[in-house]
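Notes for the one structure printed next.
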Amino acid sequence: MNFGRWLHARATWVRAATHRKLVFAAVAVLVTGAVVALVGNLDSVDLQIYRFGAEAVFRGDDLYGPLPVPTTGTPLPFIYPPFAAVVFMVMTLPPLSVASVLMDLVSLASLWAALYAAVRRLWSAKPAALTATGLAVAALAFEPVRSTIYFGQINLVLMALVAVDCLTPNPRWPRGVLVGLAAAIKVTPAGFLLFFLLTKDFRAARNAVLAGAGATLLGFLVDPRASVEYFFHGGLTGAGGLSGSPYATNQTIEGALNRLALAPFAHDVAWFALSAFVLVAAVVVMRRVDGPLAFVVNATAVLVLSPISWSHHWVWVAPALLILAARVRTIRGGAMLAVVTAVFITAPHGFLPSDHLRELGWSPWEHLVGDSYLLLGLGLVTWLLVSTQPATVAEPALQSR
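Taking the numbering used here, the leading residue of the sequence shown gets 2, the next gets one more, and so forth.
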């Protein structure tokens, strides 16, 4: 038999087998995630609020006024820019149960996309699609991911837009556009302009600003009254009265300080000192390290500095732990990573007294346990600040390709 033909036949079989594995793995992650979501909740309370907001804009009602009460029985406000309501209009077309499943599938695809972008950036020679599929299945164990799917939240979609934009080598689209669109849906992704500025990728920063401004302008055109309310009358800073909430799942500097119930002056001093430290440390570290690790630091800073980062907002832990794991070289480092992984799987704050301001009565050890996500974020930034060295001129730490 001709060796060349035999080799070609074997290569064709391998490609076909690999394709079958990819299809099987992709179906597995989608089915697994859908089962988790379906067993947990078909109502998707946050998705209900998204739908209510979109319907309000469509009818010409007040987007930031009282909305219908979701099936949980607790009234909730719409706290996103008007452009987000425009995006969510597509979810008003099917019944809630169908929209809930669709949102779950979109979230799972977004989780896969973010992990795929990270795998490709870290190991360009690896079978990124198959690796990302396995990692996506494993990431369903993380509480932020589980909760996002349970609530029908937009977190995984926003993370995917940002991760794909920041981590993809030589993207086919103008880099920065996806970050801009994410920021128009929810303002906090605008914090990733820092990533582009520190890479000196000013074109990407410009693209992000233009895309975000264009999408926001569309929101103004669709609902000018709501846009003025959001951007100029406190909607942006008030977040529906939830800003700085002391509720246990608000894993931010502001949330932790409010749980301590400090005197106003002490609270303000502590907030300013911690926030300034995180911002300065993040800038210093991001100038020292490579692109993927800078992405992790940027995400951490955005989470801890925001007035509200509910525990389900911490979905960034999925690509972050992958990027950190790629740098583990010692048993000690592996053990530390295992502890961090366990924290984000178990969500320690969920075991403590919460609701009805019971967090204000936490003991010192309960504050340590209850602020675990925040403390790990602060610890990561601090550790990188003291353990990394300034980048050399010959090999820039950040590369925006």
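Every residue gets a Cβ at the ideal spot worked out from N, C-alpha and C, and that includes glycine.
Contact belief for residue i with residue j at Cβ below 8 Å, rounded distance in angstroms
| i | j | result |
| --- | --- | --- |
| Val223 | Pro83 | 6 Å |
| Ser312 | Glu144 | 6 Å |
| Arg176 | Asn208 | 6 Å |
| Ser111 | Leu48 | With a Cβ gap of about 14 Å, Ser111 and Leu48 do not count as contacting. |
| Pro391 | Arg289 | 6 Å |
| Gly378 | Leu304 | 6 Å |
| Ala326 | Leu338 | 6 Å |
| Leu322 | Thr342 | 6 Å |
| Val99 | Thr73 | Not quite, the Cβ-Cβ distance comes to about 19 Å (not below 8 Å), so this is no contact. |
| Leu77 | Ala227 | So it is not a contact: roughly 17 Å between Cβ atoms. |
| Val279 | Leu306 | 6 Å |
| Ala183 | Leu162 | 4 Å |
| Val178 | Ala212 | 4 Å |
| Leu157 | Val297 | That belief does not hold up - the Cβ atoms of Leu157 and Val297 are roughly 17 Å apart, past 8 Å. |
| Gly235 | Ser246 | 16 Å between Cβ atoms; not a contact. |
| Ile309 | Leu243 | 6 Å |
Limits of the alpha helix (DSSP H) - the one that residue i falls within
| i | result |
| --- | --- |
| Phe278 | Pro265 to Arg289 |
| Val58 | Val46 to Arg60 |
| Trp366 | Pro365 to Gly371 |
| Thr134 | Ala129 to Ala140 |
| Ile186 | Val178 to Ile186 |
| Ser228 | Pro225 to Phe233 |
| Leu198 | Leu194 to Leu199 |
Residue i (DSSP reduced to helix, strand or coil)
| i | result |
| --- | --- |
| Trp315 | helix |
| Asn251 | strand |
| Thr93 | helix |
| Asn171 | coil |
| Ala262 | coil |
| Arg121 | helix |
| Gly153 | coil |
| Ile346 | helix |
| Pro308 | coil |
| Gly351 | helix |
| Ile80 | coil |
| Ala164 | helix |
| Arg328 | coil |
| Pro69 | coil |
| Phe203 | helix |
| Thr301 | helix |
| Asp105 | helix |
| Leu358 | coil |
| Gly74 | coil |
| Leu322 | helix |
| Phe221 | helix |
| Thr383 | helix |
| Gly245 | coil |
| Pro190 | helix |
| Phe143 | coil |
| Leu64 | coil |
| Pro391 | coil |
| Gly41 | Unreliable positioning characterises Gly41 in this predicted model, as indicated by a pLDDT of 49, which lies under 50. A coordinate reading is not provided. |
Residue i at chain C interface by Cβ criterion, 8 Å
| i | result |
| --- | --- |
| Ala129 | Included in the structure is just one protein chain, with no chain C present. |
Any non-hydrogen atom of the ligand ATP within 7 Å of residue i CB
| i | result |
| --- | --- |
| Leu353 | The ligand ATP is not part of this structure, which contains no ligands at all. |
Original post:
Taking one C-beta from the segment 185-198 and one from the segment 131-150 each time, how about it: are there three or more such pairs within less than 8 Å?
Top reply: no
**OP:** Evaluate the contact criterion for the segment 249-258 versus the segment 348-361: three or more CB pairs, one atom per stretch, below 8 Å.
**Re:** yes
**OP:** Decide yes or no for the touch test of the segment 255-274 against the segment 152-160: beta carbon pairs closer than 8 Å, at least 3 of them.
**Re:** Not touching, per the Cβ criterion.
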